[in-house]
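Visitor: Mind having a look at this structure? Questions to follow.
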Amino acid sequence: MTHSSSVRPARSRGPARARLGAGVGLLLSALVGGVLGAAPATPATAAAAPATDLRVGSFNLSNVTFDTSVGGDHRPWRERRDVVARQILGERLDVVGVQEANPSTIYQDRLVSGTTQFADLRNALNERGGNYALANSYSYNCERSNSSRNCVYVNRGSALSNRILYDTDTLSLVSQGSMKYSAQTAGKYERYLEWAVLRTRATGREFLFTNTHLDPYSTANRASQWKQAVNKAVQLQGGRPVIAVGDYNSTKYSTWAQQMLPYTKSKGFGDVVNQTYRTNPVTAPRAESTVNGWLNSFNRYTTDASVWSFSTKRTKSGNNIDWIFATNSLRVKQWEVVADVDPTTLRVRGTLPSDHNLVSATLVLP
């Protein structure tokens, strides 16, 4: 496993188009299929297609509501928005799960464009040359989908502040939905799992992608939600590879991780780094290489990376609460904690995009 102390230069978007965007016939069939429920690729098609690199990520954006407490290295969303977009584009992500992307329309004075924080991010990506779409753009599961006031329940597949964005040049949406967890902390924000079945345009292969943000208040609820998320993915996968991302509010040192990391792996999709309970460095790394693996995924809104990393022990894996899990048989080419850290000063260059760092992985769909 290799390590790097700083992020690579932003990647060109060009190779991503070539990587997943070939095949006119398949492109047309995917466009026609989309969310209309077209049948999965036939076994013959899948067998004939070459393996495909897939770039995935998880990013807690830091809710726009926290703009009331800005100061120091914590900047308002309007200043962070383009940094977030540049990082996602720079990583050439085919699909990313974001958390804390506020669904309310009442904060428009804090946004640049769009009526919600998640729409503002999509617009930022596309203003900069991306072609991203939201798997679901409904704010609430209500008859009036843009407001939760006096809500008359309608299942619209909304997962509130959890959102999946995918590159429409490389992927098409087959189906999407959400699940409200059974265990919730009274009086706190409701916790959901969002899921999407996506199809690669180049090969027609499908995979299940899930995204979540687990309860930070109750350890019992957190463990329950994690288990329910895993079981829902097993129910939905239908023979497809599974990729599960999110802010699990759990490090490998937490007691519930001792139970849930093995449970997740036993259900078919383990951590792409192969972190295990209280073991550091990783003894049997899954990712073939890592970039900035010594950084934590939570940066506390401080640009001094020395306080949220193993800067003096860089063979160790950062104390991450943001995770990427993937079907155990999938090859993992790379894992990265995305941060532009000056190797001399150990300071993040420029504006912090969030109090979390983007985490990304390169997987191979066989």
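Residues 1 to 366 in full-length UniProt numbering are what the sequence shown spells out, letter by letter. Cβ coordinates follow ideal geometry from the N, Cα and C atoms, glycine included.
If we count the other Cβ atoms within 10 Å of its Cβ and call it buried at 16 or more, is Q235 buried or exposed?
Guide: Exposed, because fewer than 16 other Cβ atoms sit within 10 Å of the Cβ of Q235.
Visitor: What does the alpha-carbon distance come out to for the pair S147 and V98?
Guide: Approximately 21 angstroms between the Cα atoms of the pair.
Visitor: Using the C-alpha atoms, what's the distance from Q259 back to H356?
Guide: Roughly 25 angstroms separates the two Cα atoms.
Visitor: Please report the straight-line C-alpha distance between Y181 and F207, rounded to a whole angstrom.
Guide: Approximately 22 angstroms between the Cα atoms of the pair.
Visitor: With respect to the alpha helix (DSSP H) encompassing W226, which residues constitute its N-terminal and C-terminal limits?
Guide: Element bounds for W226: T219 to L236.
Visitor: My assumption, with CB atoms under 8 angstroms, is that V359 sits in contact with G57. Please give the rounded CB distance.
Guide: So it is a contact: roughly 6 angstroms between Cβ atoms.
Visitor: Does the structure place the stretch 225-243 close enough to the stretch 273-288 that three or more beta carbon pairs sit under 8 angstroms?
Guide: No, the stretch 273-288 does not touch the stretch 225-243.
Visitor: Are there 16 or more other CB atoms within 10 angstroms of the CB of N249, so buried, or fewer, so exposed?
Guide: Buried, since its Cβ has 16 or more Cβ neighbours within 10 Å.
Visitor: For T290, which three-state DSSP category applies?
Guide: In the structure shown, T290 sits in a strand (DSSP, three-state: E or B).
Visitor: Relative to the C-alpha of Q176, which candidate in V154, G71, T210 and A183 has its C-alpha closest?
Guide: Nearest C-alpha to Q176: T210.
Visitor: Compare the Cα-Cα distances from T185 to each of P103, Y217, L93 and G130 and report the closest residue.
Guide: The option with the nearest alpha carbon to T185 is Y217.
Visitor: Less than 8 angstroms between the CB atoms is what I'm expecting for T200 and L365, so what's the real figure, rounded?
Guide: Contact flag correct, Cβ pair sits at about 7 angstroms.
Visitor: Determine which residues share a DSSP beta bridge with Q117 and list them.
Guide: The partner list for Q117 (beta bridge, DSSP) is empty, contrary to what the question assumes.
Visitor: Identify every run of the beta strand (DSSP E) within the stretch 242-316, keeping only runs that are complete inside it and at least 3 residues long; order them along the chain.
Guide: Entirely contained in the stretch 242-316, the beta strand (DSSP E) runs reaching 3 residues are, in chain order, 242-247, 269-271 and 289-291.
Visitor: Quick check on E127: does DSSP put it in helix, strand or coil?
Guide: Helix at E127.
Visitor: Just mark A220 as buried or exposed, buried being the case when its beta carbon has 16 or more other beta carbons within 10 Å.
Guide: Label assigned to A220: exposed.
Visitor: How long is the line joining the alpha carbons of Q275 and L198, rounded to whole angstroms?
Guide: The alpha-carbon atoms of Q275 and L198 are separated by roughly 27 angstroms.
Visitor: Grab me the residues of L111's own chain with a C-beta within less than 6 angstroms of its C-beta, minus the 5 sequence neighbours each way, in chain order.
Guide: Once the five neighbours on either side are set aside, the close Cβ partners of L111 are D120.
Visitor: Leaving out five residues before and five after R55 in sequence, what residues of the same chain have Cβ atoms less than 6 angstroms from its Cβ?
Guide: For R55, where only same-chain residues beyond five positions count, the Cβ hits under 6 angstroms are R92, L93, D94 and T362.
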